[in-house]
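Beneath this line is the structure, given in structure tokens, with notes to follow.
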Amino acid sequence: MKTFTYNDMHFSVEKAQGRWDISCRTADGKSAYVAAGLFADLPESEIEARARALVCSMFPVGIKIVGPDVAHANLIGDLKIVGPDVTHPNFIYWDKDSSSSPKQL
Amino acid sequence: MEIKGSVAVITGGGNGIGEAVAKYFVRNGAKVAIVDMAQKNIDRVVKEIKEMGGEVIGVQANVTSEAETARFYQATIAAFGKVNIVVSCAGIIRDGTMLSLDKETGKVARKMGLDKWQPVIDTNLTGTFLTVRDGAEAMVNGGWPGLLVCISSVNKVGQVGQLNYSSAKVADALLPKIVVGEFLLRGIRNIRCVGIAPGYTATPMLTGMNQEALKAILADVHLGRLVEPDEIARLIGQCVENEAINATTLEITGGLCYPGGIAK
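Those sequence lines, one after another, are chains A and B.
According to the working numbering, the first sequence is numbered sequentially starting from 11.
According to the working numbering, the second sequence is numbered sequentially starting from 560.
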């Protein structure tokens with residue numbers, strides 16, 4: 011079995027029936043599958059590099075830019091009004107009925 | 560195109576129809592990437608495919624995100640070197656009528672909020688769009704022949720209580736025709752796109768429902784039972800192997816009719 015750490019995650023690469031399984035140790039200490047049955051044709055010397063390349067593609071490290079929706083600004087004269095980017099995954103939708111048309115009792 | 564030797568990406572592959580499609584492809588010699596939101600489901604399906612002797616990767620990802628869609632294609636290509644088949648099974652429901660009235664006053668007491676509308680459109684339509692778009696991009700840039708499969712629903716004809724779901728699924732049904740038309744326009748000849756519109760299917764969501772309600776549904780199905788996920792997987796397998804199936808959406812319902820035997 012081969013092990014390596016990437017981006018604070020611990021991975022193990024284990025041979026089973028001539029193929030390789032890759033698993034990851036999750037934050038709660040459990041093991042999660044990344045892949046199974048791979049690299050049957052590869053020499054053992056290349057396995058760890060290929061496993062690392064796969065893991066890097068699955069768990070990329072980077073910066074997510076959060077900001078207003080500058081692509082769809084409302085123009086008032088030469089003034090640009092930019093609203094929130096409602097397509098952004100961090101955008102939170104109002105989770106109650108609209109107050110623009112309150113129910114009439 | 561042969562299934563054997565192909566590489567398939569299946570979103571929503573952690574249960575239901577997606578799981579059945581993934582296992583069908585593995586039984587027939589394909590390598591598969593399981594994409595799902597739930598790591599628990601990924602672990603179970605990857606383990607079972609491993610026991611079948613298959614080659615599989617599992618990627619936890621949200622299909623509504625461009626970045627995560629790009630990520631699961633990059634991982635698939637890193638593992639298997641190509642992509643040939645894409646099946647967009649990821650889908651959710653948030654049922655409810657657009658308006659609900661107060662029984663005493665007859666006035667509107669509640670209306671469907673964006674909390675019910677938007678996630679269904681995001682997952683079932685935008686998610687399918689991103690999955691198909693980036694799958695096609697990978698195939699074109701890699702020079703790999705392929706098939707893109709959108710999962711619509713028989714409720715594309717319009718289902719009361721599913722304004723959000725039906726709106727997304729009718730769009731999913733239309734998507735293959737437009738995508739293939741654009742492929743023709745751009746000279747892309749080796750990638751096809753089809754839609755599958757299942758009827759009531761034996762997924763955990765339906766088999767676990769009220770049995771009396773299920774019985775009422777089955778009264779309108781000529782086959783007299785739910786469609787099995789594996790039957791849908793076999794139809795998708797036919798689509799892979801039969802290149803004449805293209806730019807259309809096929810229904811697989813067991814003969815679903817409106818009440819009274821009128822064809823739906």
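Glycine is no exception: its CB is placed at the ideal position from the N, C-alpha and C atoms.
key: Limits of the beta strand (DSSP E) - the one that Arg630/B falls within   = It is not in any beta strand (DSSP E) - Arg630/B instead sits in the alpha helix (DSSP H) that spans 625 to 639.
So, for Gly701/B: in the same chain, excluding its five sequence neighbours on each side, which residues have a beta-carbon less than 8 Å away from its beta-carbon? Exclusion of the five residues before and after Gly701/B leaves Ile636, Lys641, Val642 as the residues of its chain whose Cβ lies within less than 8 Å of its Cβ.
Check whether the segment 752 to 764 of chain B and the segment 778 to 796 of chain B are in contact - that is, three or more C-beta pairs closer than 8 Å. A contact exists between the segment 752 to 764 of chain B and the segment 778 to 796 of chain B.
- Message: Using C-beta distances below 8 Å, list every residue in its chain close to Val753/B, excluding the 5 sequence neighbours before and after it, in chain order.
- Response: Within the same chain, Leu706, Leu707, Val708, Cys709, Pro735, Cys798, Ile804, Asn805, Ala806, Thr807, Thr808, Leu809 come within 8 Å of Val753/B by CB-CB distance, once the 5 residues on both sides are set aside.
Exercise for the section: Starting from Ser696/B, find everything on chain A with Cβ-Cβ shorter than 7 Å and list it in chain order. Expected result: Note that residue 696/B is Glu in the sequence shown, not Ser. Correct list: empty, because the minimum Cβ distance to chain A is about 16 Å.
Exercise. In whole angstroms, what separates the C-alpha of Lys609/B from that of Ala50/A?
Worked result: If I take the Cα positions, the gap works out to 13 Å.
Entirely enclosed beta strand (DSSP E) segments - the segment 698 to 755 of chain B, minimum 3 residues: Contiguous beta strand (DSSP E) elements confined to the segment 698 to 755 of chain B occur at 705 to 710, taking only those with 3 or more residues.
Checklist entry - Which one or two residues does DSSP pair with Ile593/B in a beta bridge? => result Answer by DSSP bridge pairing, in chain order: Ile569/B, Gly617/B.
Exercise for review: Please check the pair Gln633/B and Ser55/A, which I expect to be a contact at CB under 8 Å, by giving their CB distance rounded to whole angstroms.
Suggested key: By a beta-carbon distance limit of 8 Å, Gln633/B does not contact Ser55/A. Their separation comes to about 24 Å.
message: What does DSSP give as the partner residue(s) for Leu815/B in the beta ladder?
response: Val780/B.
**Study point:** 8 Å Cβ cutoff, Arg630/B in contact with chain A
**Key:** It does; some Cβ of chain A falls within 8 Å.
Report task. Out of Arg603/B, Gly572/B, Gly575/B, Val566/B, point me to the one whose CA is closest to Ser33/A's CA. Result -> Measuring from the Cα of Ser33/A, the nearest candidate turns out to be Arg603/B.
(Q) Please report the distance separating the alpha-carbon of Met657/B from that of Gly672/B. (A) Roughly 8 Å between the two C-alpha positions.
Review point. Can you find a CB in chain B that lies within less than 8 Å of the CB of Ala63/A?
Key: Cβ-Cβ to chain B under 8 Å: yes for Ala63/A.
Checklist entry - What does DSSP give as the partner residues of Asn600/B in its beta bridges? => result Assignment of beta-bridge partners to Asn600/B by DSSP yields no partner.
- Within 10 angstroms of its Cβ, does Thr762/B collect 16 or more other Cβ (buried), or is it exposed? Buried, because 16 or more other Cβ atoms sit within 10 Å of the Cβ of Thr762/B.
Query - Interface positions of the segment 593 to 618 of chain B facing chain A (Cβ-Cβ less than 8 Å), listed along the chain - result: If the cut-off is 8 Å between Cβ atoms, the segment 593 to 618 of chain B has Gln598, Ile601, Asp602, Val605, Lys606, Ile608, Lys609, Gly612, Gly613, Glu614, Val615, Ile616, Gly617, Val618 near chain A.
Proximity below 8 Å, CB of Asn621/B to CB of Met596/B = Going by C-beta atoms, Asn621/B is nearer than 8 Å to Met596/B.
Going by the CB atoms, is the gap between Ile795/B and Val580/B shorter than 8 Å?
Taking 8 Å as the Cβ cut-off, Val580/B and Ile795/B qualify as a contacting pair.
Minimum Cβ-Cβ distance from Asn574/B to chain A less than 8 Å:
Closer than 8 Å: no.
If you measure beta-carbon to beta-carbon, which residues of the segment 720 to 750 of chain B are closer than 9 Å to chain A? Cβ contacts with chain A come from no residue of the segment 720 to 750 of chain B.
Residue-chain proximity (Ile75/A, chain B), Cβ-Cβ < 8 Å: Here Ile75/A scores only 49 on pLDDT, less than 50, and its place in the model should not be relied on; the value that follows carries that caveat. False, the Cβ-Cβ gap to chain B never drops below 8 Å.
Note to self: I'd like the span of the alpha helix (DSSP H) that includes Ala761/B, first residue to last.
What the structure shows: First-last for Ala761/B: undefined, no H or E at that position.
_Assuming Val585/B is part of the alpha helix (DSSP H), what are its boundary residues?_
For Val585/B, the enclosing alpha helix (DSSP H) has its first and last residue at 575 to 586.
Review point. For Arg630/B, does the count of other Cβ atoms within 10 angstroms reach 16, so buried, or fall short, so exposed?
Key: Using a 10 angstroms sphere on the CB of Arg630/B, the tally of other CB atoms reaches 16 or more, which defines it as buried.
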